[in-house]
Amino acid sequence: MHINFVVGKNGSGKSRHLQEIAQFSRRDTLVICNTVHDRYRLRPSVKKFSARNPRNTPSNIIKSAFIELAREGTYRLNAIAKVLEYCNYNPRVTFIGVLHKDAEEKLAELNRIGIGGRIDFDINPNVMESISESIGNGHLVFEINLAQSYMEPRVQEMLLAILEGERYLKKLKLLKSVEVYIQHEHGNGFLRIDQASSGELAMIASQVFILTNVRDGSLILIDEPENSLHPQWQKDYVNKLGDLIGRYDVEVHIATHSPLIVSGIRNSEDRISFHYAETGFSTLGDHPVPSVEESLWEQFETITPESRYVSDHVVDLLEDLDNKKRTFYEVTQALESMERASYDERQGKVLEAAKKLAIEIHQEAQNV
1 MHINFVVGKN GSGKSRHLQE IAQFSRRDTL VICNTVHDRY RLRPSVKKFS ARNPRNTPSN
61 IIKSAFIELA REGTYRLNAI AKVLEYCNYN PRVTFIGVLH KDAEEKLAEL NRIGIGGRID
121 FDINPNVMES ISESIGNGHL VFEINLAQSY MEPRVQEMLL AILEGERYLK KLKLLKSVEV
181 YIQHEHGNGF LRIDQASSGE LAMIASQVFI LTNVRDGSLI LIDEPENSLH PQWQKDYVNK
241 LGDLIGRYDV EVHIATHSPL IVSGIRNSED RISFHYAETG FSTLGDHPVP SVEESLWEQF
301 ETITPESRYV SDHVVDLLED LDNKKRTFYE VTQALESMER ASYDERQGKV LEAAKKLAIE
361 IHQEAQNV
């Protein structure tokens, strides 16, 4: 998997860079926009997940994923189970088809005049039979364990028929909705998936969307995945994405201002490169993965208090000056940039002392 991080401060043009890539790409392209400021204007063939689109709810994404993946084999559904388990939910999903309050009356009417004369969609006769049998309790229930390697064919066929025909069953006033429920791994109760936390919703919906639509050769553009995610999930984000789609030959571009997103990569097989939105400069592949502190400075020009990276980098700069690998101007400019970015008094003193030492090294070199 080739990962290109698009980094820079807010307003530096990270999203614009992704949009330009999407506009000129002729590959199978997926766009995941996790910001409410979605200004993407894309070709119709580009598949987009937008956090601000009310249709991109986890329940709709899960239903679409089941329709898309179930016929390909349970191994594809197993990947959805991984997403749920990472978010601390059991891989068991309950689909509840809530019948319309007028379902009994409408069903009798359809049986009397004949279904074929009323709709232009073929409804599985077994669905109509199941609705008829469920009038008494008002709903149809399907419990699916996405982690299992086998699904009972009749259950799969029935659930697929209801999900694919949901719009038409609603139009006929036979069905009110199909709701998706999940269960926390440490809880006994069920939760409607759209009532999960914002971070869980973002993770489940976006990663299941990617899983459903990815193919070999896909180009995946992800804008600000850190939104709504707590720090540990930010750090694990790229690794978890790799666990889901690592078997595909894909190129991923991630626009982010989170050093945790950048520094969390553990897979040495991933090819890493960086694009700096403010300057337009890009590194080549196989770039080493930086630490959090290194990432904060190198990609985001921010220094944390008591950063060991500051000390190490200052030493490297002074050694390069002494060995004539860098000029006096380059070293002093680098130290002054770090000084401006620092908000810790002790670091400021260290950097001020480093500038004085740089002057001494430079003067000694001049006197030789």
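The opening residue of the sequence shown carries number 1 in full-length UniProt numbering; numbering runs sequentially from there.
The beta-carbon is built from N, C-alpha and C at its ideal position, and this holds for glycine as well.
Integer Cβ distance of Ser-218 from Tyr-248, believed to fall under 8 Å: Indeed they touch by this definition, with Cβ atoms about 7 Å apart.
Best match in Leu-175, Leu-30 and Asn-78 for proximity to Leu-244 [C-alpha to C-alpha]: Nearest C-alpha to Leu-244 among Leu-175, Leu-30 and Asn-78: Asn-78.
With 16 other Cβ atoms within 10 Å as the buried cut-off, status of Asn-188: By the neighbour-count rule (16 or more Cβ atoms within 10 Å), Asn-188 is not buried but exposed.
Between the CA atoms of Lys-48 and Gly-117 - distance to the nearest angstrom: For Gly-117, the pLDDT reaches just 49, beneath the cut-off of 50, and the residue's location in the model is therefore unreliable, leaving the point undetermined.
Contact between the segment 158-178 and the segment 82-91 (3+ Cβ pairs under 8 Å): By the Cβ criterion, the segment 158-178 is not in contact with the segment 82-91, since fewer than three pairs of Cβ atoms, one from each stretch, lie closer than 8 Å.
Neighbour flag for Asp-243 against chain D, beta carbons, 8 Å: The structure shown contains no chain D; it is built from a single protein chain.
Meets three-Cβ-pair contact criterion under 8 Å: the segment 166-179 and the segment 94-107: The segment 94-107 and the segment 166-179 touch, with three or more beta-carbon pairs separated by less than 8 Å.
Three or more C-beta pairs below 8 Å linking the segment 55-68 and the segment 127-136: Because the criterion of three Cβ pairs below 8 Å is not met, the segment 55-68 and the segment 127-136 do not touch.
Beta carbon of Asn-239 nearer than 8 Å to that of Leu-30: Not in contact: Asn-239 and Leu-30 (Cβ atoms no closer than 8 Å).
Buried/exposed call for Glu-364, threshold 16 Cβ in 10 Å: Exposed, by the Cβ-count rule.
Opening and closing residue of the alpha helix (DSSP H) in which Tyr-329 lies: Element bounds for Tyr-329: 328-341.
The segment 198-214 touching the segment 7-21, judged by at least three CB pairs closer than 8 Å: Note that the segment 198-214 does not touch the segment 7-21; fewer than 3 beta-carbon pairs, one per stretch, sit closer than 8 Å.
Candidates Glu-20, Leu-317 and Glu-226, of which the one nearest Gly-280 by Cα: Nearest C-alpha to Gly-280 among Glu-20, Leu-317 and Glu-226: Glu-20.
Separation of Lys-349 from Pro-305, as counted between CA atoms: Only weak support exists for where Pro-305 lies, its pLDDT of 49 falling under 50; the value from the coordinates is given anyway. Each residue's Cα considered, the two are about 13 Å apart.
Limits of the alpha helix (DSSP H) - the one that Tyr-237 falls within: Per DSSP, Tyr-237 belongs to the alpha helix (DSSP H) from 231-245.
Other residues of its chain near Ile-254: CB distance less than 6 Å, five sequence neighbours each side excluded: Answer for Ile-254: Phe-5 and Ile-222, listed in chain order.
Those residues which DSSP pairs with Ser-273 across a bridge: According to DSSP, Ser-273 bridges with Asn-4.
Of the residues Phe-95, Ser-337, Ile-62 and Tyr-181, the one placed nearest Ile-80, counting alpha carbons only: Comparing Cα-Cα distances from Ile-80 to each of Phe-95, Ser-337, Ile-62 and Tyr-181, the minimum goes to Ile-62.
Burial state of Glu-224, where buried means 16 or more other Cβ atoms lie within 10 Å: Buried, because 16 or more other Cβ atoms sit within 10 Å of the Cβ of Glu-224.
Beta strand (DSSP E) segment containing Lys-47, residue limits: Residues 47-50.
Three-way DSSP call (helix, strand, coil) for Val-98 in this model: In this structure, Val-98 counts as strand in the three-state DSSP scheme.
Alpha-carbon spacing of Asp-320 relative to Ala-354, whole angstroms: Straight-line measurement puts the Cα of Ala-354 at about 13 Å from the Cα of Asp-320.
Extent of the continuous alpha helix (DSSP H) to which Ser-198 belongs: It spans 198-213 - the alpha helix (DSSP H) in which Ser-198 sits, taken as one unbroken run.
Ala-255 in three-state terms, based on DSSP: Strand, per DSSP.
Three-state class that DSSP yields for His-186 in the structure shown: Of the three classes helix, strand and coil, the one that applies to His-186 here is coil, per DSSP.
Range covered by the beta strand (DSSP E) that runs through Ile-222: If you look at Ile-222, you'll find it in the beta strand (DSSP E) that goes 219-223.
One or two residues paired with Glu-143 in a DSSP bridge: Assignment of beta-bridge partners to Glu-143 by DSSP yields Thr-94.
Reduced DSSP secondary structure (H/G/I, E/B, other) of residue 378: With the chain represented from 1 up to 368, any question about residue 378 goes unanswered, as that position is not in the structure.
Sheet register partners of Val-31 (DSSP bridge): Partner(s): Lys-48 and Leu-221.
Beta-carbon proximity of Val-93 to Ile-182, cut-off 8 Å: Between Val-93 and Ile-182, the gap from beta carbon to beta carbon is short of 8 Å.
Given residue 369 as reference, the closest of Gln-207, Thr-327 and Asn-227 once Cα atoms are compared: Residue 369 cannot be examined here, being either before or after the span of the chain that is shown, 1 to 368.
Through-space distance from His-184 to Phe-142, alpha-carbon basis: The alpha-carbon separation between Phe-142 and His-184 amounts to approximately 18 Å.
Which of helix, strand or coil DSSP assigns to Tyr-168: When DSSP states are grouped into helix, strand and coil, Tyr-168 belongs to the helix group.
Beta bridge counterpart(s) of Tyr-89 as assigned by DSSP: Partner(s): His-184.
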